[in-house]
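Heads up: the structure comes next, in structure tokens.
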Amino acid sequence: MYFAALLARTEDGWEASDTELDDVETLADLADLAREASPEDDTVLVLIEQEDAWFGVVRIDGEDDPRIYVSDAAAAARSSYGEILLTDELLGRNPDDADDLDTLDLDGTEDGEDDEDGDDDSESGGSAEAVPHGPVGDAGVLDDLGVSEKELKALSEDALGEIAEALGASDVLETVR
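Numbering-wise (our numbering), the sequence shown opens with residue 3 and increments by one.
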């Protein structure tokens, strides 16, 4: 089970809406969905939680690029919703390494070549081992909203509830839960 909600900051405070992620395939789709929740280009937070295993916060400020924080990348990588958040950029991968089939050297010796150079899986372009255990992303994503980097990294069981409480939006979040 997962829970996802949009929190849009307005002149009157925070407005929450439950959101379905079944039609969201990419981070761009998620950002578009969030922008639709706030026609005034106000701040919108996408809060995602999966079975208390991990949570993610995506912050959209107008047309700026989304800012992302994921509490446990390895747990999120096992979730189709988490995979939306775990972009190559967030994980420090070069997407061209994995996606450009024309530049791959497929001479039959590729298995194990990277292991001989050391165990730097982050350059291998997408193996499951390259996803770190623990938090990834912009831990300062909520600093100006009252949740410091240290506080965000310390959240665990009811992380979304604690974030909403710090934002003064716990009542509106509970209405969509």
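Think of the CB as a built atom: it goes at the ideal place given N, C-alpha and C, for glycine as much as any other residue.
On a predicted model such as this, the values are computed, not experimentally measured, just so you know.
Per-residue burial, residue i [other beta carbons within 10 Å of its own, 16 or more giving buried]
i	result
residue 84	buried
residue 156	exposed
residue 53	exposed
residue 40	buried
residue 58	buried
residue 160	exposed
Sheet register partners of residue i (DSSP bridge)
i	result
residue 6	50
residue 60	48 and 70
residue 140	DSSP lists no partner for residue 140.
residue 12	15
residue 20	7
Rounded separation between residue i and residue j - CA only
i	j	result
residue 138	residue 43	26 Å
residue 22	residue 142	26 Å
residue 6	residue 47	10 Å
residue 49	residue 37	14 Å
residue 154	residue 81	21 Å
residue 178	residue 10	13 Å
residue 55	residue 12	30 Å
residue 171	residue 16	6 Å
Residue of the options minimising C-alpha distance to residue i
i	options	result
residue 158	86, 133 and 73	73
residue 70	162, 62 and 5	62
residue 167	147, 152 and 26	147
residue 29	165, 91 and 15	91
residue 3	175, 24 and 18	24
residue 31	68, 45 and 14	68
residue 132	151, 95 and 152	95
Sub-7 Å separation of residue i and residue j beta-carbons
i	j	result
residue 88	residue 76	no
residue 169	residue 51	no
residue 175	residue 18	yes
Residue-level contact to chain B via CB, residue i, 7 Å cutoff
i	result
residue 91	The question asks about chain B, but that chain is absent: this structure has only one protein chain.
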